[in-house]
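Quick notes on the structure that follows.
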Amino acid sequence: MFERFAKQARAAVVGAEQIARDAGSRSVDTRHVLVALLDERGAAYEALRECGADAEAISARARAGVRAAGLDGDALAGLGIDLDAVRRHTDAIFGRGALERAGRAPRGHIPLSPDAKQALELALREAVRLRQKTIQEGHLLLGIVRGDGPGRELLVAAGLDTAALRAVVEAQTRAA
Amino acid sequence: MSQQPLVDSASGDDPATGLRAVHALRELADRLETLQVARARELGWSWQEVADALGVSRQAVHKKHGRRT
Numbered sequence: 344m345f346e347r348f349a350k351q352a353r354a355a356v357v358g359a360e361q362i363a364r365d366a367g368s369r370s371v372d373t374r375h376v377l378v379a380l381l382d383e384r385g386a387a388y389e390a391l392r393e394c395g396a397d398a399e400a401i402s403a404r405a406r407a408g409v410r411a412a413g414l415d416g417d418a419l420a421g422l423g424i425d426l427d428a429v430r431r432h433t434d435a436i437f438g439r440g441a442l443e444r445a446g447r448a449p450r451g452h453i454p455l456s457p458d459a460k461q462a463l464e465l466a467l468r469e470a471v472r473l474r475q476k477t478i479q480e481g482h483l484l485l486g487i488v489r490g491d492g493p494g495r496e497l498l499v500a501a502g503l504d505t506a507a508l509r510a511v512v513e514a515q516t517r518a519a
Numbered sequence: 008m009s010q011q012p013l014v015d016s017a018s019g020d021d022p023a024t025g026l027r028a029v030h031a032l033r034e035l036a037d038r039l040e041t042l043q044v045a046r047a048r049e050l051g052w053s054w055q056e057v058a059d060a061l062g063v064s065r066q067a068v069h070k071k072h073g074r075r076t
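So the sequence lines, in the order shown, correspond to chains A and B.
Under our numbering, think of the first position of the first sequence as 344, with each following residue one higher.
Under our numbering, think of the first position of the second sequence as 8, with each following residue one higher.
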């Protein structure tokens, strides 16, 4: 499938896996892809800005989401588990940060989450719909917005005008 | 996220809350397992001994945690 990806879009997917690795995430989801896309300061970044979205704020929120998506302290508290106490215990026995390190995928490759896979599928469909030969950053962004997942939730919460984004991406990718 | 303490959340009425609690517990259990298995292996436990303690097959443990010590 990646043969159809334009260079920048492919770089974003690869970058997303690295972001997941650095954060100790178990899977690569649409937040990681969003962060990677915006880090490139390329077409996706420009597209967001052109439809009036605060790309910097979105990127910051996506990064925060990636960091926070580890252990769910609130949910555990509801079960009577004090996560801080568990962490103090594991820090003492296994070393500081052991509980975070244990969250990393045991082997090198970090798999794509279902929402990320869906976003790639939808990105392909966008490129096909627009009769374009390669999947570009803009299509990836539309794929994230069209699917379900934390990436989409983030963009919607930021007040993204999805119709405007589609128009911008269409113009952008046609010109490419 | 709600401020109200979610007592009995895994057996509570709302599946969304309950499933979130299950997911959190599973993630925590996975990480503790990773740490404890690594430690057991460092201390010389065999894969079979680790498997027995976890109540799973040796193959399952090796597949999940193998390729480190």
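Just so it is clear, CB atoms sit at the ideal spot from N, CA and C, and this is done for glycine as well.
field: Per-residue contacts from residue 28 of chain B into chain A (C-beta, under 7 angstroms)
entry: Locating residue 28 of chain B in the second sequence gives position 21, counting from the first residue. The contacting residues are 418, 421, 422.
message: Taking 7 angstroms as the threshold (beta carbon to beta carbon), is residue 42 of chain B in contact with chain A?
response: Residue mapping note: residue 42 of chain B aligns to position 35 of the second sequence, counting from 1. So yes, residue 42 of chain B belongs to the interface.
query: Are the beta-carbon atoms belonging to residue 28 of chain B and residue 416 of chain A less than 7 angstroms from one another?
result: Counting from one through the second sequence, the residue named residue 28 of chain B turns up at place 21. Counting from one through the first sequence, the residue named residue 416 of chain A turns up at place 73. No, the Cβ-Cβ distance between residue 28 of chain B and residue 416 of chain A is not below 7 angstroms.
query: Straight-line CA distance for residue 316 of chain A to residue 407 of chain A?
result: With chain A represented from 344 up to 519, any question about residue 316 of chain A goes unanswered, as that position is not in the structure.
- prompt: For residue 473 of chain A, does the three-state DSSP call read helix, strand or coil?
  reply: On the first sequence, position 130 is the one that residue 473 of chain A refers to. The answer is coil: DSSP assigns residue 473 of chain A none of H, G, I, E or B.
- request: Determine the DSSP secondary structure at residue 362 of chain A, reduced to helix, strand or coil.
  value: Within the first sequence, residue 362 of chain A is the residue found at index 19, counting from 1. DSSP places residue 362 of chain A in helix when its eight states are reduced to three.
message: Rounding to the nearest angstrom, what Cα-Cα distance links residue 41 of chain B and residue 355 of chain A in this structure?
response: By 1-based counting over the second sequence, the position of residue 41 of chain B is 34. By 1-based counting over the first sequence, the position of residue 355 of chain A is 12. Residue 41 of chain B and residue 355 of chain A: Cα-Cα distance of roughly 30 angstroms.
task: Rounded to whole angstroms, what's the CA-CA distance from residue 350 of chain A to residue 482 of chain A? Just pull it up for me.
output: Here residue 350 of chain A refers to the residue found at position 7 of the first sequence. Here residue 482 of chain A refers to the residue found at position 139 of the first sequence. Taking the straight line from one Cα to the other gives about 13 angstroms.
query: In chain B, which residues lie with their C-beta within 7 angstroms of the C-beta of residue 445 of chain A?
result: Reading the first sequence from its first residue, position 102 is the one you call residue 445 of chain A. Per Cβ cutoff of 7 angstroms: 38, 41, 42.
message: Let me see if you follow: with CB-CB separation under 7 angstroms, is residue 31 of chain B close to chain A or not?
response: Position 24 of the second sequence holds residue 31 of chain B. Yes, its Cβ sits closer than 7 angstroms to a Cβ of chain A.
task: Determine the extent of the alpha helix (DSSP H) in which residue 43 of chain B is found, giving its start and end residues.
output: Here residue 43 of chain B refers to the residue found at position 36 when the second sequence is read from its first residue. Residues 22-49.
- prompt: Short check: CB of residue 530 of chain A to CB of residue 486 of chain A, under 7 angstroms?
  reply: Within the shown structure, residues of chain A are numbered from 344 to 519, placing residue 530 of chain A beyond reach of any answer.
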